[in-house]
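Here the working numbering is used: the sequence shown runs in plain steps of one and ends on residue 309.
We put the CB at the ideal spot given by N, CA and C, even for glycine.
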Amino acid sequence: MTFVSAPAPAQDYPVRPIRAITATSAGGTSDIFMRLIGDAFQKRFGQPIIVENRPGGSMMIGGHACAAAPNDGYTICILPVETLAYNQFLFKKVPYDPQKDFAPITNPFFNTQVLVASASLDVRSLDELAALSKKKPGTLSYTVPSVALSLFMDKWKAATGADLVRVPFRGGAEAVNGVLSGATPAAFFGLANWIPLLRSGAVRALAIDGAQRSPLFPDVPTLAELGYGENLTRVYFGIVAPAGTPKPIIRKLRDEIARIGAEPDFRQKRLIEMGLEPVFDTPEEFAKFLSEDRAISERIVKESGLQPQ
C-alpha cells in the first residue's frame with residue numbers, strides 16, 4: 001500500500017523546498033526566469049525553488065516528468081508552448097495529456113519574436129524584403145524555430161510572391177551568426193537574441209509578433225499592423241503544476257509569482273528589457289487561454305500539412 005502525505009495547508013506553505021521542472025536546458029529563458037523567482041521565494045519564505053532541467057524529446061521529457069510528479073504543491077513546472085499545445089498535434093505518441101495532466105498556475109510572459117534582416121540587405125520593411133527576394137530568386141534564405149512562424153512565412157511568401165528559401169533552425173547562436181555573416185540573412189525568433197545587434201545597426205527589425213509594439217523598439221510595426229496578425233500563436237512558458245495540486249496552493253503560487261513580477265525593478269530589468277511581455281494571468285484566465293491556444297495550434301498544424309510523426 002502506498003501512503004501519500006497530506007499537503008500542508010496553503011497558509012503554512014511552503015514548509016520545504018519546491019522543485020521546478022523545466023523542459024529546456026540551463027541558461028535558457030525559462031530556466032533563468034524560474035531561478036530569479038526562486039531567489040525571491042527564498043527571501044520571502046525561507047524556502048528555495050530548486051530548478052530541475054529536463055530537456056530533450058522535443059520538450060516532452062519535461063512534460064512527462066511534470067505529469068508524473070507528486071501533486072502536493074512541492075513540484076511546479078515551467079513548460080513551453082510546444083509542451084503545452086503543439087506536441088499533441090505533431091506526434092502520434094505524447095507521454096502526457098496536456099489537457100488533463102497539468103493544473104494551470106499562470107502565464108508569466110510572452111516571449112516577443114522579431115523578424116530581422118541583415119543590414120547588408122539594405123531593406124527596412126517586409127515589402128522591401130519581398131521585392132529584393134524577387135530580384136534574386138532562390139538566393140536569399142531565412143530561418144524560423146517553430147511551426148507557427150514557418151507557416152506565417154509560407155503564407156507571407158504566397159501573398160507577396162517573395163522568393164526566399166527556408167533553412168533548418170539549429171539554435172539561436174547559429175541563427176544569429178547566419179544573419180551576421182549573410183549566410184542566412186533573415187530570421188524570425190526571440191527578440192532577446194537581437195537587442196544589442198538592433199541597437200548597433202548590424203541587423204534591422206522588420207516586424208514583431210506582439211499584440212503591441214515593443215517599448216524597446218517602438219518604431220517596429222507588429223504583424224497585425226501590417227495585416228498579418230491572424231492565426232499566429234505566441235511564444236510563452238506557462239507555469240503549471242501536476243493535476244490535482246490543491247487549489248489554495250495553486251492560488252498562493254500564482255499570487256506570489258505575480259507579486260514578484262509586478263515589482264517595478266523586476267518587471268523592467270528581468271522582463272521588459274529582455275524582450276519579454278509581462279502577463280501573469282490568473283489560473284482561470286490561463287486555463288481559458290490554453291484551451292484557445294490549443295485549438296489554434298491544431299488548426300495551424302493542419303494548415304501546414306504536417307503529419308504526426
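7 Å Cβ cutoff met for residue i and residue j
i	j	result
residue 142	residue 186	yes
residue 55	residue 24	yes
residue 126	residue 207	yes
residue 104	residue 295	no
residue 85	residue 291	no
residue 14	residue 48	no
residue 111	residue 190	yes
residue 172	residue 193	yes
residue 301	residue 89	yes
Own chain partners of residue i with C-beta closer than 7 Å, once the 5 adjacent residues on each side are dropped
i	result
residue 1	With a pLDDT of 35 at residue 1, under the threshold of 50, the modelled position of this residue cannot be trusted, and the question is left open.
residue 149	113, 188
residue 133	140, 162, 163, 164
residue 167	141, 143, 184
residue 303	151
residue 248	10
residue 225	none
Close Cβ partners of residue i (< 6 Å) along its chain, the five nearest in sequence each way excluded
i	result
residue 78	22, 30, 34, 237, 239
residue 96	63, 64, 67
residue 4	Confidence is the limiting factor: at residue 4 the pLDDT is only 45, short of 50, which leaves the residue's position unreliable, though a coordinate-based value still follows. Contacts found: none.
residue 121	185
residue 347	The requested residue 347 does not occur in the structure, where the chain is confined to residues 1 to 309.
Expected contact under 8 Å - CB spacing of residue i and residue j to nearest Å
i	j	result
residue 217	residue 198	6 Å
residue 106	residue 258	6 Å
residue 330	residue 129	The requested residue 330 does not occur in the structure, where the chain is confined to residues 1 to 309.
Burial state of residue i, where buried means 16 or more other Cβ atoms lie within 10 Å
i	result
residue 275	buried
residue 162	buried
residue 147	buried
residue 37	buried
residue 265	exposed
residue 152	buried
residue 117	buried
residue 101	buried
residue 293	buried
residue 158	exposed
residue 138	exposed
residue 20	buried
residue 370	With the chain running from 1 to 309 in the structure shown, residue 370 is simply not present.
residue 260	buried
residue 205	buried
residue 177	exposed
residue 119	buried
residue 44	exposed
residue 305	exposed
residue 196	exposed
residue 46	exposed
Of the residues the options, the one placed nearest residue i, counting alpha carbons only
i	options	result
residue 315	11, 40, 15	The requested residue 315 is not part of the displayed model; the chain covers only 1 to 309.
residue 202	26, 230, 181, 222	181
residue 289	20, 212, 99	99
residue 233	91, 214, 210, 255	210
residue 284	16, 298, 250, 229	250
residue 227	282, 292, 160, 214	160
residue 26	53, 174, 110	53
residue 156	193, 223, 93	223
residue 268	305, 176, 215	215
residue 271	121, 282, 176, 109	109
residue 70	245, 300, 305, 50	245
residue 213	277, 167, 121	277
residue 94	57, 72, 225, 135	57
residue 174	145, 154, 200	145
residue 281	254, 131, 273	254
residue 317	256, 279, 179, 273	This structure leaves residue 317 out entirely; the chain is present only between 1 and 309.
residue 80	221, 72, 28	28
residue 299	32, 230, 273, 220	230
residue 72	273, 279, 241	241
is_contact[residue i, chain B] using C-beta, thresh 7 Å
i	result
residue 166	Although the question refers to chain B, the structure presented lacks it and comprises just one protein chain.
Own chain residues within Cβ distance below 8 Å of residue i, not counting five before or after
i	result
residue 83	23, 59, 60, 62, 63, 98
residue 50	17, 18, 19, 20, 38
residue 252	10, 13
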